[in-house]
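The sequence shown begins at 7 in the working numbering and counts up one residue at a time. All residues carry an ideal CB built from backbone N, CA and C; glycine is no exception.
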Amino acid sequence: MRFARGRRTLLRRCRDTVDRLELPEPFSAEAFVARLAADRGRPIELVPVSSRPRVPCGLLVTLEHTDVIVYFADTAALHREHIILHEAAHLLCGHDQGAPMQTGSAAGLFPTLSPGLVQRVLGRTAYNAPQEREAELVASLIRCKAAARASAPRAAAGAAEDGDSGLAADAARVGVLFGVSRP
């Protein structure tokens, strides 16, 4: 019972976070991050890297004057967008303070540097499981909201009747399930 109540509370908190967001049009993760940086008054740098085994596919690095989102560049576009949104969601949810980076992650991302040096420079980049769930849900809800908004004009024009069952329409349906958009 407590688990279900906790999930409902998490979903409500994440919906509230996403409902307050003004999404850029047309939507892209890069445009979203640029708007988030402007809203926060703090730069966010996007840094693409090649994927490596045993390393998280995305990473938020909070530095003194800027935040850095590191993401795998050599993955599918939708996955890359989700990685960026997930890391941005950590900022939206206030997860940008706290625990130090795990040494294994540092060594995997920067194999030529001492893990201790990387950990000191990068600071905090590890999250506990509840924070990961919250960031994952916020990222998914942002994507659903963007897809629902993008598909609304097409649906009004009758695109759905023409057999358009693309990703935007699927995401809009998921958005209805999460309560981000209306049927």
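With respect to the C-alpha of Ile148, the residue from Arg18, Ala35 and His71 having the closest C-alpha is Ala35.
Ranked by Cα distance from Asp22, the options Ser157, Leu143, Ala153 and Ala154 are led by Leu143.
Glu51 is bridged by DSSP to Val74.
About 27 Å separates the CB atoms of Leu29 and Ala135; that is not less than 8 Å, and the two are not in contact. The residues Pro30, in chain order, have a CB closer than 7 Å to that of Ala37 in the same chain once the five nearest residues on each side in sequence are set aside. Cβ atoms of Ser57 and Cys63 come within 8 Å of each other, at about 7 Å.
Taking a contact as a CB-CB distance under 8 Å, the pair Leu66 and His96 counts as one, their CB atoms being some 5 Å apart. Your pair His101 and Ala141 checks out as a contact, with CB atoms roughly 7 Å apart and the cut at 8 Å. For a cut-off of 8 Å, the C-beta gap from Ile50 to Asp73 is around 5 Å, short enough to register as a contact.
For Gly100, DSSP records no beta bridge to any residue.
Look at Val67 here: in three-state DSSP terms it is strand. Nearest to Leu17 by C-alpha distance, out of Ser157, Ala156 and Ser146, is Ser146.
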